[in-house]
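**Q** The structure follows.
Residue numbers (the working numbering): 550 to 658.
Structure below.
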């Protein structure tokens, strides 16, 4: 299954293991917290999300629900960013079309 998330804010980075980022915490347009997990030998998901302009649409093949407001993307998940300009995503959010657009990809559970 594919999940789609509109990321609007990078909240924090948690470093462990020699200064490598092991957890990137972002929030989506509904204020939910999403943790992107990394490992010392696998940082691609964190780097993919961390280095984009906000807002952005992120796709993941795996999202674990921790609670109604907290989600986790495990380190072995496949993560990609939809190649849309952040201005276009911002306009979509302002127009109240976020849920409608996400349904074209998939929706966070």
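Don't be surprised by glycine CBs; every beta carbon is placed ideally from N, CA and C.
1) Which residues in the same chain as residue 577 place their Cβ atom closer than 8 Å to its Cβ, once the five residues preceding and following it in sequence are excluded?
2) Cα-Cα, which of 637, 645, 560 and 646 is closest to residue 580?
3) Here's a check: name, in chain order, each residue in its chain whose Cβ is nearer than 6 Å to the Cβ of residue 591, leaving out the five neighbours to either side.
4) Taking the C-alpha atoms as reference points, what is the distance between residue 571 and residue 596?
5) Are the Cβ atoms of residue 620 and residue 630 separated by less than 9 Å?
6) Starting from residue 582 and walking both ways along the beta strand (DSSP E), at which residues does that stretch end?
7) Please tell me whether, using a cut-off of 8 Å, the distance from the CB of residue 575 to the nearest non-hydrogen atom of the ligand SAM is below it.
8) How long is the line joining the alpha carbons of residue 642 and residue 589, rounded to whole angstroms?
9) Provide the residue span of the alpha helix (DSSP H) that contains residue 650, from first to last.
**A** Taking the structure as given:
1) 554, 555, 556, 557, 583 and 657
2) 560
3) 624
4) 11 Å
5) no
6) 582 to 586
7) Judged by which ligands are present, the structure shown has none, so any question about the ligand SAM falls away.
8) 35 Å
9) 647 to 651
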